[in-house]
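In my numbering, the protein residues as written are 3 to 294. Take a look at the structure below.
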Amino acid sequence: MADLDDLREGAEFGLGIQATPEGFHVKGAAHQPWGLKDRLSRVFNPKTGKTVMLAFDHGFIMGPTSGLERIDLTILPLIEYADCLMCTRGILQSVIPPTVNKPICLRSDAGTSILTELNDNVIIDIEDAIRMNVSAMAVMLSIGDPAFEAKTIANLYKAVDLGSRYNIPVMGVTAVGKQMARDARYFGLATRICAENGANIVKSYYCEGFANVAAACPVPIVIAGGKKLPEKEALEMCYNAINDGAAGVDMGRNVFQSTSPAAMIQAVHAVVHEGLTPDQGFELFNDLKAAR
Ligand code: R5P
Numbered sequence: 003m004a005d006l007d008d009l010r011e012g013a014e015f016g017l018g019i020q021a022t023p024e025g026f027h028v029k030g031a032a033h034q035p036w037g038l039k040d041r042l043s044r045v046f047n048p049k050t051g052k053t054v055m056l057a058f059d060h061g062f063i064m065g066p067t068s069g070l071e072r073i074d075l076t077i078l079p080l081i082e083y084a085d086c087l088m089c090t091r092g093i094l095q096s097v098i099p100p101t102v103n104k105p106i107c108l109r110s111d112a113g114t115s116i117l118t119e120l121n122d123n124v125i126i127d128i129e130d131a132i133r134m135n136v137s138a139m140a141v142m143l144s145i146g147d148p149a150f151e152a153k154t155i156a157n158l159y160k161a162v163d164l165g166s167r168y169n170i171p172v173m174g175v176t177a178v179g180k181q182m183a184r185d186a187r188y189f190g191l192a193t194r195i196c197a198e199n200g201a202n203i204v205k206s207y208y209c210e211g212f213a214n215v216a217a218a219c220p221v222p223i224v225i226a227g228g229k230k231l232p233e234k235e236a237l238e239m240c241y242n243a244i245n246d247g248a249a250g251v252d253m254g255r256n257v258f259q260s261t262s263p264a265a266m267i268q269a270v271h272a273v274v275h276e277g278l279t280p281d282q283g284f285e286l287f288n289d290l291k292a293a294r
């Protein structure tokens with residue numbers, strides 16, 4: 003067993019020093035095979051190296067939550083502004099027209115709901131991902147949860163094994179239990195564990211000290227939006243995350259629960275890809291909202 007007596011916090015994150023240039027726009031993927039790079043290039047824009055993923059997989063644990071009651075009415079109008087869609091197979095097959103031709107990050111684990119034990123998930127059939135021609139698979143990890151940590155890490159490990167056979171990248175999604183501190187120490191640990199177990203992309207939350215989290219993660223991190231914030235604050239979070247080393251967002255509620263979801267996703271897109279400041283992004287949001 004590893005010696006825990008002298009476990010020292012990392013302190014040398016080399017902030018400001020670029021990771022070794024590798025000739026590919028997705029961090030940590032330079033040595034991957036062609037098919038995997040092709041899929042990653044559909045998710046991450048080769049010109050900016052960034053992505054705006056639209057997450058609307060929430061129903062798989064919480065049913066028709068606010069903003070997702072009618073995905074045909076609320077999400078379909080946003081699809082043209084997203085770089086990638088993160089959803090479950092059920093919604094993909096029943097509501098999303100295949101003609102949208104957007105890369106899909108398929109929610110690839112399932113098991114429990116908000117009514118029982120969250121996080122007691124198993125991975126779903128890899129062939130689903132192949133059949134639906136997805137560009138990535140997402141698997142949740144519950145780091146620090148005594149009941150499900152090992153099981154969810156094993157899920158990720160297995161998903162990466164299966165994904166590797168067909169060059170389908172896997173995104174590790176860090177789920178934060180109520181008992182966990184949402185700080186850089188926790189997210190640094192959780193994101194690194196995802197990467198160490200083979201995740202090609204990691205989804206995390208933004209936090210104080212995020213630059214260290216991003217620096218120590220050898221693959222791209224996209225941030226979840228978390229609970230709905232006022233639009234200006236959500237844009238500030240995106241801006242700070244990108245400045246601190248995030249490769250984009252995988253955002254749900256802060257888009258589809260916005261007072262103007264279409265304006266919000268376009269403003270997020272401009273902050274992520276064009277480097278608009280939060281003030282500029284908020285101005286764009288207000289202009290687009292007013293024009294609708
Ligand atoms: C959580 O398991 C899901 O992956 C959500 O899609 C994720 O939390 C992103 O959504 P939000 O931006 O609403 O936090």
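Glycine is no exception: its CB is placed at the ideal position from the N, C-alpha and C atoms. Note that the structure is predicted; figures quoted are calculated from it, not measured.
Secondary structure of residue i, DSSP reduced to three states
i      : result
GLY303 : The shown model of the chain, from 3 to 294, leaves out residue 303, and the question about it has no answer.
SER43  : helix
ASP289 : helix
ILE126 : coil
CYS81  : The sequence shown places Ile at residue 81, rather than the Cys named in the question. ILE81: helix per DSSP, three-state reduction.
MET3   : Residue confidence for MET3 is low, a pLDDT of 49 falling below 50, so the modelled location carries little weight and cannot support an answer.
THR176 : strand
ARG10  : coil
THR53  : strand
ALA272 : helix
LYS153 : helix
LYS205 : strand
ARG1   : The structure shown does not extend to residue 1, since the chain is modelled only from 3 through 294, so no value can be given for it.
ALA183 : coil
ALA143 : Note that residue 143 is Leu in the sequence shown, not Ala. In the structure shown, LEU143 sits in a strand (DSSP, three-state: E or B).
ASP252 : strand
C-alpha distance - residue i paired with residue j, whole-angstrom precision
i      : j      : result
ASP295 : PRO263 : The chain is shown only over 3 to 294; residue 295 falls outside these bounds and no answer can be derived.
LYS291 : ALA265 : 5 Å
GLY65  : GLY18  : 43 Å
LYS52  : PHE46  : 5 Å
PHE295 : SER144 : Residue 295 lies beyond the range of the chain shown here (3 to 294); nothing can be said about it.
ALA269 : ASN214 : 26 Å
THR50  : HIS27  : 8 Å
GLU285 : ARG294 : 14 Å
ILE203 : ASP127 : 20 Å
ILE244 : ALA152 : 31 Å
ASN199 : ILE155 : 8 Å
ALA197 : ILE98  : 30 Å
GLY12  : GLY25  : 28 Å
LEU302 : LEU87  : Residue 302 lies beyond the stretch modelled for the chain, which goes from 3 to 294, so this question has no answer here.
ALA226 : GLU129 : 27 Å
From the options, residue whose alpha carbon lies closest to that of residue i
i      : options                           : result
THR279 : ALA236, SER260, MET134 and ASN256 : ALA236
VAL221 : CYS240, ARG194 and GLY228         : ARG194
ALA131 : TYR168, GLU285 and ALA243         : TYR168
LEU38  : PHE287, SER166, PHE150 and ASN47  : SER166
MET134 : ALA218, MET142 and LYS104         : LYS104
GLY228 : GLY25, PHE258 and PRO48           : PHE258
VAL102 : ASP122, GLU129, ILE128 and ASP74  : ASP74
VAL162 : VAL178, ARG184 and SER110         : SER110
CYS89  : ASP281, CYS196, ALA152 and ALA138 : ALA138
GLY2   : PRO148, VAL97, THR53 and ARG44    : Here the chain has residues from 3 to 294 only, and residue 2 is not among them.
ASP59  : ILE223, PRO79 and GLY92           : GLY92
ASP72  : ASN47, GLU285, CYS196 and SER96   : First, the amino acid is wrong: residue 72 is Arg here, not Asp. It is SER96 whose Cα lies nearest to the Cα of ARG72.
ASN121 : ALA177, PRO100 and ILE77          : ALA177
ARG184 : GLU210, LEU164 and SER43          : GLU210
LEU42  : ILE170, SER68 and ARG10           : ILE170
ASN123 : ILE267, PRO100, GLU129 and VAL175 : VAL175
GLN181 : ARG187, ALA201 and GLY146         : GLY146
Nearest-angstrom beta carbon gap, residue j and residue i [assumed within contact, 8 Å]
i      : j      : result
VAL172 : LEU158 : 7 Å
Given 8 Å, three or more beta-carbon pairs between the segment 274-281 and the segment 240-259: A contact exists between the segment 274-281 and the segment 240-259.
For the segment 109-124 against the segment 30-39, are there 3 or more C-beta pairs whose distance is under 8 Å? Touching, no, given that fewer than three Cβ pairs across the two stretches are closer than 8 Å.
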